[in-house]
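Per full-length UniProt numbering, the very first residue in the sequence shown carries number 7; after that it's consecutive.
Glycine included, each C-beta is placed from N, C-alpha and C at the ideal position.
Some notes on the structure that comes next.
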Amino acid sequence: IQTQYLADYRPYPFHLNETRLRFGLSDSATEVTSELDFTRQGEGSLILDGGTGLDILRLAIDGQELAPEDFTREGEMLSIADSALPGDSFTFSATVRIDPSSNTAFEGLYLSGGMFCTQCEAEGFRHITFYPDRPDVMAPFRVVIDSEQPVLLSNGNPVGQEPGRAEWHDPWPKPAYLFALVAGDLVAISDSYATQSGRVVALNVWVRPGDQDRAGFAMESLIKSMKWDEEVYGREYDLDVFNIVAVDDFNMGAMENKGLNIFNSKLVLASPETATDADYERIESVIAHEYFHNWTGNRITCRDWFQLCLKEGLTVFRDQQFTSDLRSAPVKRIEDVQSLRARQFREDQGPLAHPPRPDHYREINNFYTATVYEKGAEVIGMLKRLVGEDGYKAALDLYFDRHDGDAATIEDWLLVFEDATGRDLAQFKRWYTDAGTPRLRMDEEWTDGTLTLRFSQETPPTPGQDDKQPRVIPIAVGLIGPNGDETRPTEILEMTDAQQSFTFEGLGARPVVSVLRGFSAPVVLDRDLDDAGRAFLLAHDTDPFVRWEAGRELALNALQSMAQGGSADPAYVDAIGRLMSDDDVDPAFRALCLQLPAEEEVAGRLAHAGVTPDPDTIHAAHMQLAHSVAEAHEDLLIRLYQSMEVTGGYRPDAQDAAQRALRLIAMARLNLLDGGERAATLFETAGNMTERFAALSAMIRAGRADAALETFRQEFADNRLVMDKWFMIQPAAASPDQAATIAAELSQRDDFEWKNPNRFRALLGGLAANHAGFHAADGLGYDFTADWLIRMDAANPQIAARMSTVFETWKRYDAGRREKSLAALQRIAATPRLSRNSEEMVSRMIE
Ligand code: HT7
Ligand code: ZN
7 IQTQYLADYR PYPFHLNETR LRFGLSDSAT EVTSELDFTR QGEGSLILDG GTGLDILRLA
67 IDGQELAPED FTREGEMLSI ADSALPGDSF TFSATVRIDP SSNTAFEGLY LSGGMFCTQC
127 EAEGFRHITF YPDRPDVMAP FRVVIDSEQP VLLSNGNPVG QEPGRAEWHD PWPKPAYLFA
187 LVAGDLVAIS DSYATQSGRV VALNVWVRPG DQDRAGFAME SLIKSMKWDE EVYGREYDLD
247 VFNIVAVDDF NMGAMENKGL NIFNSKLVLA SPETATDADY ERIESVIAHE YFHNWTGNRI
307 TCRDWFQLCL KEGLTVFRDQ QFTSDLRSAP VKRIEDVQSL RARQFREDQG PLAHPPRPDH
367 YREINNFYTA TVYEKGAEVI GMLKRLVGED GYKAALDLYF DRHDGDAATI EDWLLVFEDA
427 TGRDLAQFKR WYTDAGTPRL RMDEEWTDGT LTLRFSQETP PTPGQDDKQP RVIPIAVGLI
487 GPNGDETRPT EILEMTDAQQ SFTFEGLGAR PVVSVLRGFS APVVLDRDLD DAGRAFLLAH
547 DTDPFVRWEA GRELALNALQ SMAQGGSADP AYVDAIGRLM SDDDVDPAFR ALCLQLPAEE
607 EVAGRLAHAG VTPDPDTIHA AHMQLAHSVA EAHEDLLIRL YQSMEVTGGY RPDAQDAAQR
667 ALRLIAMARL NLLDGGERAA TLFETAGNMT ERFAALSAMI RAGRADAALE TFRQEFADNR
727 LVMDKWFMIQ PAAASPDQAA TIAAELSQRD DFEWKNPNRF RALLGGLAAN HAGFHAADGL
787 GYDFTADWLI RMDAANPQIA ARMSTVFETW KRYDAGRREK SLAALQRIAA TPRLSRNSEE
847 MVSRMIE
């Protein structure tokens, strides 16, 4: 496998003035004719990317057919002999035949349920025709689609529609990865939006006939996103139409193709009966994310794929801001930190660690990671904290002014901050170039009214990066006096050295330090604070993140000591009871505090402390702590279960969702005492999926779900998205000793349509979510997963490689488990014709 290096970047030697494409669609023999107007802009030959599935019918330059000696085809590359080029400006054209019906990798042009659709990021366009398939080659597109399908869509504005043919023109120069085409039997729900400057934009959400009544929330979310981007970033939409299409077979969540966003149907379709509150929130944020890419990704794109976090980190940051503005900012921040720790910290601390801006890769599809996306967003959050609101706004305005129409780099991005604020960001840049999560240690010294905070930072080695230099760490600190009042409001301490001290003078009494407020930097913080101090912060801190963090630390300490044979300190149980009974506290925040840290997180914490985690003991500790909470606070939990009931019709807004969240976590705790009674009643009576699904999950945990699972299956057999939930929850909520067997049985069912990425992810992801089940000592979880990864790899390498990350922590566990997981990984590695995607992932994990 050839490794690509950032240092090898060279500009493309030709400018592409316009791209014209004509598609004659047919299931197994689609003909694609391209005309590419090139002008030379540097030294070098004309080399085009083109997958092996392209059947060449004709190649020509300026209408003159190329002879076999005029070109060479090697792997995925087509080189045109210099002698075949007539001068500095010419039109290259190609007619190729491709077979969408055999495309199970869902990259390029493929069929999903009889509908033609495309996925071109990162390098899918080369499976459609020969092209300079790299993000820095941008051109306006004209597209003609010939097909009997009733709806024919592509990027930009429609310029001609007649039965059997449609023509589209996208005037905004774009790279090939933003190309899209959809053709199928679709219906739209439609609306319109008038932009700030008065452009009226036609909006459509296209779905399969029969799904229209589940597309309304997506449309509402789109309109909110368009408005928010105008109000907060001054960014307006720039075409006459914006189309969204929902497809069932899709490798990721959604794709920001210019003017034609394509979505996984699970991120479009929602009704109270079929989607949960979490689904609704995710739909809202992903619709926003893809829409926001129109400026951060499309108008300003990436020079090369090493710069992926330029568009993804910024767009995640923007969608996080959007959700904070629309819903609860503290709750959103805590949820984002939870997900960062669960996915990105885990990645950063294992064999797959890489910087947000990597400098080499073998398969770019393997780098759509939590580090590029979520850590990329955290880095922007830190920049904003350092330069302040005004500095951030000035920098972003300059970014849009200076780079509109560009394929930009992280250096360009940092330079706009330097130019707009006068700040030197040379050291800050390490956040982009270095992998690993810094460990931040804080020690306190108190003398005569002066508090000294001594910080030290260290980043452990990561693959290929042994020595780490200190980073700029913004540490948000506030002080809480002994009576619980805040004596010093939040202040940002800027740490730049390996060790650094900060003093607070003139304090009357020794305060409790509230540190890393709002999770001001993505670091692991280590400080000596006893359980009483944590309980104090949980009760009094004005910063919701530190408050929640204090409760989480109490729970983690209890779980860690129980998992090592100790007993639970009552501090957590007592403190959580006090918080639960405070009706002035937002129910969503209380629900978050009542959640226990995931078993996986406890395993990570133990491994970090040098203790080999035992998944079974951790699971037992988890159950026991949940049980202690239930027993100690039964009356309170019953009161919450009753008082948090939402009456009236279902609304997916933050307030109602918050009440449901608290009610349902109260039910989950009570489930340990009532043997699933409340859950069974709720399952029968609830009118929405949020409550029904929580009830079903609780019933599985209580071991009394057989009939309910069957009822659920019968009711939703025709709804693929709901059936995904059914496939996921059974291994996820099963007792660990049965999880792998249950997953294996489910995988034998006719309705386990494994080539559908959602269905595959549901079952294998459901098992992986059951920490003790996936890591069962008998190795069945590993074997089952490896079998299916091998099978999936032959059909869809992206999905197999992505799912292989369930093994990324394998080295943490005991010798028996290590031996079994390594054997599973080696078996995958030894598979004949393993894809480049899986080969890269598995070899990095084994190394
Ligand atoms: N920019 C997109 C990333 C992407 C993707 C989407 C769907 C299928 C395959 C894909 N490969 C890469 C999605 C986003 O971040 O918005
Ligand atoms: Zn994105």
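Local conformation of residue i per DSSP, three classes
i, result
"residue 771", "helix"
"residue 292", "helix"
"residue 185", "coil"
"residue 274", "coil"
"residue 437", "helix"
"residue 727", "helix"
"residue 348", "helix"
"residue 482", "strand"
"residue 95", "strand"
"residue 713", "helix"
"residue 429", "coil"
"residue 165", "strand"
"residue 658", "coil"
The alpha helix (DSSP H) enclosing residue i, as first and last residue numbers
i, result
"residue 196", "Note, residue 196: premise wrong, no alpha helix (DSSP H); beta strand (DSSP E) at 193-200."
"residue 474", "Segment: none, residue 474 is in no alpha helix (DSSP H) and carries neither H nor E."
"residue 634", "621-638"
"residue 561", "550-569"
"residue 803", "803-809"
"residue 778", "777-780"
"residue 223", "222-239"
Element boundaries [beta strand (DSSP E), containing residue i]
i, result
"residue 270", "266-270"
"residue 178", "171-180"
"residue 510", "505-510"
"residue 402", "Per DSSP, residue 402 belongs to no beta strand (DSSP E); it is in the alpha helix (DSSP H), 382-409."
"residue 21", "20-30"
"residue 54", "52-55"
"residue 248", "247-253"
"residue 123", "121-125"
"residue 136", "It is not in any beta strand (DSSP E) - residue 136 carries neither H nor E in the DSSP assignment."
Cβ neighbour criterion (16 or more within 10 Å) applied to residue i
i, result
"residue 11", "exposed"
"residue 215", "exposed"
"residue 572", "exposed"
"residue 361", "buried"
"residue 765", "buried"
"residue 196", "exposed"
"residue 777", "buried"
Residue i vs residue j beta-carbon contact at 8 angstroms
i, j, result
"residue 461", "residue 506", "yes"
"residue 818", "residue 609", "yes"
"residue 321", "residue 303", "yes"
"residue 114", "residue 124", "yes"
"residue 773", "residue 787", "yes"
"residue 542", "residue 457", "no"
"residue 36", "residue 94", "no"
"residue 420", "residue 399", "no"
"residue 224", "residue 359", "no"
"residue 678", "residue 689", "no"
"residue 268", "residue 260", "yes"
"residue 583", "residue 642", "yes"
Chain B within 8 angstroms of residue i, Cβ atoms only
i, result
"residue 750", "Structure shown: chain B not included; a single protein chain is present."
Closer than 7 angstroms: residue i CB and nearest the ligand HEM heavy atom
i, result
"residue 380", "Because the ligand HEM does not appear in the structure shown, any question about it cannot be addressed here, the ligands present being the ligand HT7 and the ligand ZN."
Next item on the list: Give a yes or no on contact between the segment 822-830 and the segment 126-139, applying the rule of three or more CB pairs nearer than 8 angstroms.
Entry: Not touching, per the Cβ criterion.
Check: Using 8 angstroms as the Cβ pair cut-off and three pairs as the minimum, do the segment 476-484 and the segment 523-531 touch?
Finding: Enough Cβ pairs lie closer than 8 angstroms, so yes.
Next item on the list: Give a yes or no on contact between the segment 345-353 and the segment 374-389, applying the rule of three or more CB pairs nearer than 8 angstroms.
Entry: yes
Notebook entry, point to check: Does the segment 739-753 come close enough to the segment 714-721 that 3 or more CB-CB pairs lie under 8 angstroms?
Noted result: Judged by pairs of C-beta atoms under 8 angstroms, the segment 714-721 does not touch the segment 739-753, as fewer than three such pairs exist.
Note to self: Check whether the segment 258-267 and the segment 179-189 touch, using three or more Cβ-Cβ pairs below 8 angstroms as the test.
What the structure shows: yes
Note to self: With three or more C-beta pairs closer than 8 angstroms as the rule, is the segment 485-496 touching the segment 511-522?
What the structure shows: yes
Check: Touch check for the segment 268-287 and the segment 170-179: three-plus C-beta pairs under 8 angstroms?
Finding: no
Check: Any chance the segment 561-568 sits against the segment 628-636, with 3 or more Cβ pairs inside 8 angstroms?
Finding: Note that the segment 561-568 touches the segment 628-636; at least 3 beta-carbon pairs, one per stretch, sit closer than 8 angstroms.
Check: Is the segment 648-668 touching the segment 790-803 in the sense that three or more CB pairs, one from each, lie closer than 8 angstroms?
Finding: no
Check: Okay, do the segment 637-646 and the segment 804-812 touch, 3+ Cβ pairs below 8 angstroms being the bar?
Finding: no
Notebook entry, point to check: Should the segment 189-206 be called in touch with the segment 232-246, which here means at least 3 C-beta pairs below 8 angstroms?
Noted result: Taking 8 angstroms as the limit for Cβ pairs, the verdict is that the segment 232-246 does touch the segment 189-206.
Notebook entry, point to check: How do the segment 330-337 and the segment 300-320 stand: do at least 3 beta-carbon pairs fall below 8 angstroms, yes or no?
Noted result: Judged by Cβ distances under 8 angstroms, the segment 330-337 makes no contact with the segment 300-320, as fewer than three pairs qualify.
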